[in-house]
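Residue numbers (this note's numbering), protein chains in the order written: chain A, 4 to 287; chain B, -2 to 186.
Even glycine gets a Cβ: it sits at the ideal position worked out from N, Cα and C.
The structure appears below as structure tokens.
Structure, rendered in structure tokens:
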């Protein structure tokens, strides 16, 4: 399995441990991963608001680079917002010839052309479908028995451009978690929204969204996420959520590849578990 | 007695910018309210999603742009995938936000500062610099609110989650040419 890796901006900053653990786990599974050279921001949720065209040009720039460098490989994304921007751009331009031409007119200044030949995939899709529970179970050295884990998919991981799971009741994480030996804490907020940037622009509204998710996960030993934004919001605001709910809420939040790395017996340094705001202290 | 509304007389100049090629689709909204019931931020909105879409159908775009509701959408796409008429609601909200910014209508100063600062950091470095973005966002929106984040910031610094970088405010930005080209192409429409 060979992939071209688009890290995304948070992987160079707040979510560096997500990138490190992703690369460590994929290497353990035997994947060949090559980072996209000269990548730039996908535009996040911001570019499409500043201009419809900019919101397509910024993802297309990276897709064009991936076509140049990837040799037909799929693009691996770990951030659900990057993933959605890439898939939205590909889907939009595939059915609108004139818009596609316009995007390429813009990309001329970067010396690039987007052909529409590359596929962006989410890490969760790749783990669930390219590798699958059997390959993952075969790599487990320390089954995480006794650990109860609450899966959290968030929104853009599974909708609306994601063909790999049910957009409202996703299940693709379950076989992976079972392969790791954990007990799964199912809850009604698995595909709810974490609040994203509302935590900054409308904190009082964002906090109600984070607290709804955290409250649904209470009882689990940890929450497992597959998006750096979801991770940040669930991990970093637990003091404020505790204040809001009038009781202490303290649940470690880990990225899926961190949990896999623990089960694979990978060195803790490569997993970055000490980088989280809510201390990760898991007993299994 | 009920009064009939003649959809033919609605001024569609603004509506067409928001729903290019989707006007027929938008008219198919049956006001079932699935969007309002699905929205995780509806409780905080001044216009409920259902009401907002009715106003869009009636061409009341100015009023919608002045509402806080559009800025409370976190793009979770729940209404979008649940709409029984298949109207691409979330992406239409993105177009409403774009139109509000284009027309300089600021119904949420924090959101306005958020989008403008983010776009500027992106243009300058090509990639997001989270710490610089946060610092500039708080300065532009509400420096006092930064105090609420100070404790968290210190924790993140201690964990090595964030680092300090020197901002580079002058000189050429990494994506200046691309942004400029997009603006030229958009001007042609």
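Contact annotation: residue 281 of chain A and residue 255 of chain A have beta-carbon atoms nearer than 7 Å. For residue 103 of chain B, no Cβ of chain A is located within less than 7 Å of the residue's own Cβ. For the C-beta of residue 261 of chain A, not a single chain B residue is nearer than 8 Å; the gap to the nearest is close to 14 Å.
Between the segment 209 to 225 of chain A and the segment 87 to 94 of chain B there are fewer than three C-beta pairs closer than 8 Å, too few to call the two in contact. With respect to chain B, the C-beta atom of residue 54 of chain A has a partner C-beta closer than 7 Å.
Straight through space, the alpha carbons of residue 29 of chain B and residue 84 of chain B are spaced by roughly 13 Å.
DSSP places residue 26 of chain B outside any beta strand (DSSP E), giving it a letter other than H or E. Per DSSP, residue 79 of chain A lies in no alpha helix (DSSP H); the unbroken beta strand (DSSP E) holding it starts and ends at 77 to 80. Residue 257 of chain A: member of the beta strand (DSSP E) spanning 256 to 258, first to last residue. One thing to note: residue 212 of chain A has its Cβ within 7 Å of the Cβ of residue 196 of chain A.
For chain A, the residues of the segment 32 to 44 of chain B that bring a beta carbon within less than 7 Å of one of its beta carbons are 37, 38 and 41, in chain order.
For chain B, the residues of the segment 188 to 213 of chain A that bring a beta carbon within less than 9 Å of one of its beta carbons are 194, 195, 196, 197, 198, 199, 200, 201, 203, 204, 205, 206, 207, 208, 209, 211 and 212, in chain order.
Residue state for residue 252 of chain A is assigned as coil, using DSSP reduced to three classes. For residue 286 of chain A, no beta strand (DSSP E) encloses it, and the DSSP letter there is neither H nor E. Per DSSP, the beta bridge partners of residue 37 of chain A are A:7. Leaving aside the five residues that flank residue 46 of chain A on each side, the residues in its chain whose CB is nearer than 7 Å to its CB run, in chain order, 57, 58, 61, 62 and 88. At a beta-carbon threshold of 9 Å, none of the residues of chain B lie near residue 273 of chain A; the nearest stands roughly 15 Å away. Interface annotation, residue 184 of chain B: not in contact with chain A, CB-CB separation never under 7 Å.
Leaving aside the five residues that flank residue 77 of chain B on each side, the residues in its chain whose CB is nearer than 7 Å to its CB run, in chain order, 85, 86 and 87. Note that the C-beta distance between residue 283 of chain A and residue 274 of chain A is not below 7 Å. Between residue 223 of chain A and residue 152 of chain A, the CB-CB gap stays under 7 Å. A straight-line Cα-Cα distance of about 24 Å links residue 188 of chain A and residue 36 of chain B. At a cut-off of 7 Å, the C-beta of residue 24 of chain A has no neighbouring C-beta in chain B. In this structure, the CA atom of residue 190 of chain A is about 13 Å from the CA atom of residue 225 of chain A.
Residue state for residue 154 of chain A is assigned as strand, using DSSP reduced to three classes. Under the three-state reduction of DSSP, residue 174 of chain B is assigned to helix. Contact between the segment 162 to 169 of chain A and the segment 237 to 253 of chain A is absent: fewer than 3 CB-CB pairs across the two stretches fall below 8 Å. Per DSSP, the beta-bridge partners of residue 225 of chain A are A:152. Residue 265 of chain A has its alpha-carbon roughly 12 Å from the corresponding atom of residue 148 of chain A.
The way I'd put it, the segment 164 to 171 of chain B doesn't touch the segment 135 to 145 of chain B; fewer than three beta-carbon pairs between them come closer than 8 Å. Here the C-alpha atom of residue 4 of chain A lies approximately 36 Å from the C-alpha atom of residue 176 of chain B. If you check each beta-carbon in the segment -2 to 29 of chain B against every beta-carbon of chain A, none falls closer than 8 Å.
The three-state secondary structure of residue 125 of chain A, taken from DSSP, is strand.
Setting aside the 5 residues that flank it on each side, residue 15 of chain B is surrounded in the same chain by 53, 58, 89, 92, 93 and 96, each with a C-beta closer than 8 Å to its C-beta; the list follows chain order. If one requires a minimum length of 4 residues, the alpha helix (DSSP H) runs lying completely within the segment 24 to 56 of chain B are 31 to 35 and 46 to 54, in chain order.
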